[in-house]
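> Mapping of the sequence shown onto the UniProt record's numbering: position 18 corresponds to residue 18, and the numbering continues sequentially without gaps.
Built from N, CA and C at the ideal position, the CB exists for glycine as well.
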Amino acid sequence: MEISALNLEDDLSGHTTPFHAALGKAVLDEYSVATVPIIEFRKRNKGLSPWRLPRALGDPSASLPSSPVIYHPKKSLDAPNLLDDYYTNALTWVSSDTFAVALGPAVYLYNTRTNSISELTTLRGDIVAATSLLHLPPGDLAIGTSRGHTEIWDVAAERIKVRYRSHNFRVGSLATDESILTSGSMDSKIIHHDTRMDRCRPLATLGGHFGEVCGLQWSSDGTYLASGASDHLVCVWKKDFNSRRQFPLHTIRDHCAAVKALAWRPLGPSAMLATGGGRSDRTIKQWRVSVDACTLLRSTDAGAQVTGLLWSLPQHHAHDELLASQGSDVVAYSAASMSPTAKYVGDAVRVLNLAQSPTGGLLVTSGAHEVVQLWDGRPRLKFGSTQRRKPTPSSSMLDVGQIR
Numbered sequence: 001m002e003i004s005a006l007n008l009e010d011d012l013s014g015h016t017t018p019f020h021a022a023l024g025k026a027v028l029d030e031y032s033v034a035t036v037p038i039i040e041f042r043k044r045n046k047g048l049s050p051w052r053l054p055r056a057l058g059d060p061s062a063s064l065p066s067s068p069v070i071y072h073p074k075k076s077l078d079a080p081n082l083l084d085d086y087y088t089n090a091l092t093w094v095s096s097d098t099f100a101v102a103l104g105p106a107v108y109l110y111n112t113r114t115n116s117i118s119e120l121t122t123l124r125g126d127i128v129a130a131t132s133l134l135h136l137p138p139g140d141l142a143i144g145t146s147r148g149h150t151e152i153w154d155v156a157a158e159r160i161k162v163r164y165r166s167h168n169f170r171v172g173s174l175a176t177d178e179s180i181l182t183s184g185s186m187d188s189k190i191i192h193h194d195t196r197m198d199r200c201r202p203l204a205t206l207g208g209h210f211g212e213v214c215g216l217q218w219s220s221d222g223t224y225l226a227s228g229a230s231d232h233l234v235c236v237w238k239k240d241f242n243s244r245r246q247f248p249l250h251t252i253r254d255h256c257a258a259v260k261a262l263a264w265r266p267l268g269p270s271a272m273l274a275t276g277g278g279r280s281d282r283t284i285k286q287w288r289v290s291v292d293a294c295t296l297l298r299s300t301d302a303g304a305q306v307t308g309l310l311w312s313l314p315q316h317h318a319h320d321e322l323l324a325s326q327g328s329d330v331v332a333y334s335a336a337s338m339s340p341t342a343k344y345v346g347d348a349v350r351v352l353n354l355a356q357s358p359t360g361g362l363l364v365t366s367g368a369h370e371v372v373q374l375w376d377g378r379p380r381l382k383f384g385s386t387q388r389r390k391p392t393p394s395s396s397m398l399d400v401g402q403i404r
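1. Quick check on DSSP: helix, strand or coil for tyrosine 86?
2. Tell me, to the nearest whole angstrom, how far the beta carbon of threonine 365 is from that of valine 349; I am working on the premise that it is less than 8 Å.
3. Comparing alpha-carbon positions, which option in His192, Arg265, Gly278 lies nearest residue 406?
4. With burial defined as no fewer than 16 other Cβ atoms inside 10 Å of the residue's Cβ, what is the status of proline 248: buried or exposed?
5. Among the candidates Ala130, Cys235, Gly346, Asn89, whose CA atom is the shortest distance from the CA of aspartate 254?
6. Among Arg124, Asp177, Phe99, whose alpha-carbon lies nearest the alpha-carbon of valine 155?
7. Taking the straight line between their C-alpha atoms, what separation do you get for aspartate 240 and serine 270?
8. Mapping the DSSP letters down to three states, classify proline 340 as helix, strand or coil.
9. Under three-state DSSP, which class holds glycine 276?
10. Which two residues bound the contiguous beta strand (DSSP E) that contains lysine 260?
11. Could you give the distance in angstroms between the alpha-carbon of arginine 127 and the alpha-carbon of valine 101?
12. Candidates Thr88, Ile70, Ser96, Tyr71: which alpha carbon is nearest threonine 359's?
13. Tell me whether the stretch 75-83 and the stretch 160-172 touch, counting them as touching only if at least three CB pairs, one residue from each stretch, are closer than 8 Å.
14. Which residues in the same chain as alanine 380 place their Cβ atom closer than 8 Å to its Cβ, once the five residues preceding and following it in sequence are excluded?
15. Check the C-beta distance from serine 230 over to leucine 216 and give it rounded, since I have them as a contact under 8 Å.
16. Can you tell me whether cysteine 256 is helix, strand or coil according to DSSP?
17. Measure the CB-CB distance between threonine 92 and alanine 324 and report whether it falls below 9 Å.
18. If we require 3 or more residues per run, which beta strand (DSSP E) segments fall completely within the stretch 189-249?
19. Over what stretch of residues does the beta strand (DSSP E) that includes threonine 133 continue unbroken?
20. Within its chain, find whatever has a CB closer than 8 Å to the CB of threonine 341; leave out the 5 residues flanking it on each side and keep chain order.
21. Helix, strand or coil for valine 69 per DSSP?
22. Histidine 193 to serine 357, Cα distance in whole Å?
23. Take the Cβ of leucine 297 as the centre, count every other Cβ of all protein chains shown within 10 Å, and call the residue buried at 16 or more, exposed below.
24. Suppose contacts are defined by Cβ-Cβ distances below 9 Å. Is leucine 225 in contact with alanine 263 by that definition?
25. If you draw a straight line from the alpha carbon of arginine 124 to that of threonine 251, how long is it in whole angstroms?
26. Which residues in the same chain as proline 314 place their Cβ atom closer than 8 Å to its Cβ, once the five residues preceding and following it in sequence are excluded?
27. What is the DSSP secondary structure of histidine 317, reduced to helix, strand or coil?
28. Can you tell me the Cβ-Cβ gap for residue 408 and valine 291, rounded? I've got them flagged as a contact below 8 Å.
29. How big is the Cα-Cα spacing for alanine 302 and aspartate 198?
30. Throw me the rounded Cβ distance for the serine 146 and arginine 170 pair, which I believe falls under 8 Å.
31. Within the continuous beta strand (DSSP E) that includes threonine 176, where are the two ends?
32. Helix, strand or coil: which one does DSSP assign to serine 166?
33. Any idea if serine 219 is buried or exposed, counting beta-carbon neighbours within 10 angstroms, 16 or more meaning buried?
34. What is the rounded straight-line gap between the Cα of serine 299 and the Cα of aspartate 281?
35. Give the secondary structure of serine 357 by DSSP, where H, G and I count as helix, E and B as strand, and everything else as coil.
36. When we look at the beta-carbon of proline 73 and count the other beta-carbons within 10 Å, is it buried (16 or more) or exposed?
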């Protein structure tokens, strides 16, 4: 397969990594990697602007603002050795106030309440990096590596519980549904493991992609799995582990670049999937998914490479919105009209990863020039509210700060 046919995203942006050999090759080329000692997040010298809140939001029951509100980060952290790589997913929340980030071979935990940083582990090996992270409730963290392994760590005990060696090349994407851990790799395979079982043999292997699988997302009810890859395809899978080799229920071919950004709507009468395309596509599409059909509802030009998508949480947020990391910013869209309601403007040349805390109160992003930034989330429901309403801005916002 010609490399050009895959339309690989620009993911190096000025520094070399060992992870981008041709996908069609049987063996990865050897690369030498400079190992940089990683001790802590360093203080950023650039000053930060405080949050800019709308002057008045009016009646709490009013509609969304007619023009996007501009927000700036609460905190900004230097993250040395953060991979500048579109195909990796090295950022995840592990609790309501703590997120994990991979910096080369090391995985760090940052507590947003205490501003404390701790190292969970540093992967061993000369050419190895953590290329994907995922929280496994209640207290575990899955780590995908550049060697094709997937490790599960007990965060509190800081010890490894199991290591799967099911992939030939790096594991860039992870997803979970109850006890099922799903991994996607540069070898184009999607593999399910049952974390309750002692054996490390895969539960099932999915074959529907021809390029690196860089996006995975289970629907909230566990009925469907969506996958995106460098072959420009999005596959929708029905949950079925009876077959050793499975093929997709639907294959979406409407994107013209790699698809990493995937998000299922948390609640609703029908399954709705949002997909975001890479540099040559730059669109966000919404789909209604059923067993019989996958119907395109709308397509929006994002104007930039889309690297992440998140739905607002109906149990926590005041509005039904879709958040997209696109280019150097994060944009919140009204889910119904796809009109922008807010824009998060930070220091990153390109936002690589976007993650939302379990309660929706905080967002964290990682950027292409080794920066991690923390933001307040979308407007929240008032305490005791049973439906989405627009809350009045609170004066108890966290202060803008920097972390040493």
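Considering the structure as presented:
1. Correct three-state label for tyrosine 86: coil.
2. No, threonine 365 and valine 349 are not in contact; Cβ-Cβ is about 12 Å, not under 8 Å.
3. No statement about residue 406 is possible, as the shown extent of the chain runs from 1 to 404 and does not include it.
4. Buried, by the Cβ-count rule.
5. That would be Cys235, whose Cα lies nearest to the Cα of aspartate 254.
6. Taking only the C-alpha atoms, the option nearest valine 155 is Phe99.
7. Rounded to the nearest whole angstrom, the CA to CA distance from aspartate 240 to serine 270 is 20 Å.
8. Residue state, collapsed to three classes: strand.
9. Look at glycine 276 here: in three-state DSSP terms it is strand.
10. It spans 259-264 - the beta strand (DSSP E) in which lysine 260 sits, taken as one unbroken run.
11. Residue 127 is actually isoleucine in this sequence, not arginine. Separation of isoleucine 127 and valine 101 (C-alpha to C-alpha, rounded to the nearest whole angstrom) is 19 Å.
12. Selection Thr88, Ile70, Ser96, Tyr71 evaluated against threonine 359 yields Ser96 as nearest (Cα-Cα).
13. Touching, no, given that fewer than three Cβ pairs across the two stretches are closer than 8 Å.
14. Reading the sequence as shown, one finds arginine at residue 380 and not alanine. Only His316, His317, Ala318, Gly360, Gly361, Pro391 meet the Cβ criterion.
15. Distance from serine 230 to leucine 216 at the Cβ level is roughly 14 Å; contact not present, criterion being Cβ atoms closer than 8 Å.
16. Three-state result, cysteine 256: coil.
17. Cβ atoms of threonine 92 and alanine 324: not closer than 9 Å.
18. Fully enclosed beta strand (DSSP E) runs of 3 or longer: 190-194, 204-206, 213-218, 224-229, 234-238.
19. For the sequence presented, residue 133 should be read as leucine rather than threonine. For leucine 133, the enclosing beta strand (DSSP E) starts and ends at 130-136.
20. Around threonine 341: Leu64, Pro65, Pro68, Val69, His319, Glu321, Ala332, Tyr333, Ser334.
21. The answer is strand: DSSP assigns valine 69 an E or B state.
22. The straight-line gap separating the alpha-carbon atoms of histidine 193 and serine 357 is approximately 25 Å.
23. It is exposed - the Cβ of leucine 297 has fewer than 16 other Cβ atoms within 10 Å.
24. No, the pair does not count as a contact, with Cβ atoms beyond the cut-off.
25. Across the structure, arginine 124 and threonine 251 are spaced so that their CA atoms are roughly 38 Å apart.
26. Excluding positions up to five away in sequence, the list reads Pro266, Leu267, Asp320, Arg388.
27. When DSSP states are grouped into helix, strand and coil, histidine 317 belongs to the strand group.
28. For the chain, the structure presents residues 1 to 404; residue 408 sits outside this window and is missing.
29. Alanine 302 and aspartate 198: Cα-Cα distance of roughly 44 Å.
30. Serine 146 to arginine 170, Cβ: 4 Å. Contact.
31. Run containing threonine 176: 171-177, per the beta strand (DSSP E) assignment.
32. Coil at serine 166, not helix or strand.
33. The residue is buried, with at least 16 neighbouring Cβ atoms inside 10 Å.
34. When rounded, the distance between both Cα atoms is 11 Å.
35. In the three-state DSSP reduction, serine 357 falls in the coil class, being neither helix nor strand.
36. By the C-beta density criterion, proline 73 is buried, having at least 16 other C-beta atoms within 10 angstroms.
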